[in-house]
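In this note's numbering, the protein residues as written are 453 to 585.
Positions of the beta carbon are idealized from the N, C-alpha and C atoms, including for glycine.
Just so we're clear, the structure is a prediction, and the values are computed from it rather than from any experiment.
Next up, the structure:
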């Protein structure tokens, strides 16, 4: 199934290097699956048609508010509650999926900064907005 995997090309290169140089890499930490089972299933089936039902007992919260600012505030408070709830909880374990990153991204950045929540928003921006553009 390597050809279907997101990292199939790097895995092919790895296999070639191992074969050519009779060596291997010691993998540390990552074991191929990240996050809770419910997130893995969402990731695997997000674009699947027909969609598959969640086979776990876990749920993924959906937050809706009166406006973007209130939604972002609710998300920030939910993240802080999660981080404080368990010793092993980490910010990097949190994933937020947005309907519109262009409109919600700026609001989330402002609210997360206000709450001191480290974050990264993966979105494409036109080159005309780049300082060197």
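DSSP-derived helix/strand/coil call for residue i
i, result
"residue 562", "helix"
"residue 467", "helix"
"residue 508", "coil"
"residue 462", "helix"
"residue 567", "helix"
"residue 518", "coil"
"residue 532", "helix"
"residue 527", "helix"
Nearest-angstrom Cβ-Cβ length linking residue i and residue j, presumed shorter than 8 Å
i, j, result
"residue 543", "residue 570", "5 Å"
"residue 528", "residue 572", "Not a contact, Cβ separation roughly 15 Å."
Through-space distance from residue j to residue i, alpha-carbon basis
i, j, result
"residue 536", "residue 499", "33 Å"
"residue 549", "residue 540", "22 Å"
"residue 488", "residue 469", "32 Å"
"residue 553", "residue 574", "8 Å"
"residue 474", "residue 466", "11 Å"
"residue 494", "residue 516", "19 Å"
"residue 462", "residue 504", "29 Å"
"residue 508", "residue 546", "18 Å"
"residue 567", "residue 520", "16 Å"
Does the stretch 549 to 561 come into contact with the stretch 520 to 528, if we say contact requires no fewer than three beta-carbon pairs (one atom in each stretch) closer than 8 Å? yes
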